[in-house]
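Those letters in the sequence shown? Residues 435 to 643, by our numbering.
Every residue, glycine too, gets a C-beta built ideally from N, C-alpha and C.
These notes are about the structure you will find just below.
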Amino acid sequence: MEVILLERVENLGQMGDTVRVRPGYARNYLLPQRKALRATKENLTYFERQRTQLEATNLKRRSEAESVSTKLDGVTVVILRQAGEAGQLYGSVTGRDVAEALGGAGFTVGRNQVTIDRPIKTLGLFDIRVVLHPEVAVTVTVNVARSQEEAALQAERGGMIDRADMEDEEDEAAELAAAAEAAAAETAAADPAELLGEDREDAREDLGA
Numbered sequence: 435m436e437v438i439l440l441e442r443v444e445n446l447g448q449m450g451d452t453v454r455v456r457p458g459y460a461r462n463y464l465l466p467q468r469k470a471l472r473a474t475k476e477n478l479t480y481f482e483r484q485r486t487q488l489e490a491t492n493l494k495r496r497s498e499a500e501s502v503s504t505k506l507d508g509v510t511v512v513i514l515r516q517a518g519e520a521g522q523l524y525g526s527v528t529g530r531d532v533a534e535a536l537g538g539a540g541f542t543v544g545r546n547q548v549t550i551d552r553p554i555k556t557l558g559l560f561d562i563r564v565v566l567h568p569e570v571a572v573t574v575t576v577n578v579a580r581s582q583e584e585a586a587l588q589a590e591r592g593g594m595i596d597r598a599d600m601e602d603e604e605d606e607a608a609e610l611a612a613a614a615e616a617a618a619a620e621t622a623a624a625d626p627a628e629l630l631g632e633d634r635e636d637a638r639e640d641l642g643a
């Protein structure tokens, strides 16, 4: 099927180009998304008549997209999922999930603007391309983790962490906290008179010096 492109379409052509595409691609994507018209004589006449307006509209949308891109490019969002010990997710993270996470961060992004070749099925950090306009795209980072703590560690280390290492760090932190509590309790339990005596002895030594 031949269509007239109403805007730039990646790997296909520029606005005004007449290109041949698969019928399913045209019917399911290009035509309903108003990215193209069937290449008929009537539509060619319509396009030439509306070309100036279409170009002005495209320029405005591109400018708006560029404004958003300065804020969105490089943003990181955290998506929490359950996963096994090896980091395999019980399910997956899709483009819709990424769009919703970006929405939660204050950005309006449609599912069809998120480019994911295949669903994410493991924990870790993933660079995802978001197309704001046919001529404007940015990259965001999706941090898939089991908890906010794990997400913070992944961000710090630049990728998925070993579950055993994480548990060792948690155990070490717990041991340090327990040791600090024990030291505080020992100090609190000391004999006040004994402490006072030590203070007096220190004072005598200072005077002697």
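Asked	Found
N-terminal and C-terminal residue of the alpha helix (DSSP H) that residue 477 is part of	475–506
Residues that DSSP places opposite residue 560 in a beta bridge	576
Residues bridged to residue 436 (per DSSP)	454
Helix, strand or coil at residue 465 according to DSSP, with G and I counted as helix	coil
Within 9 Å, strictly: CB atoms of residue 563 and residue 575	no
Helix, strand or coil at residue 470 according to DSSP, with G and I counted as helix	strand
Spatially closest choice to residue 527 from 553, 517 and 519, by CA coordinates	553
Other residues of its chain near residue 512: CB distance less than 6 Å, five sequence neighbours each side excluded	577 and 585
Residue 529 versus 543, 485 and 539, residue with shortest Cα-Cα distance	543
Beta-carbon separation (whole angstroms), residue 556 vs residue 516, contact threshold 8 Å	About 12 Å separates the two Cβ atoms, so there is no contact after all.
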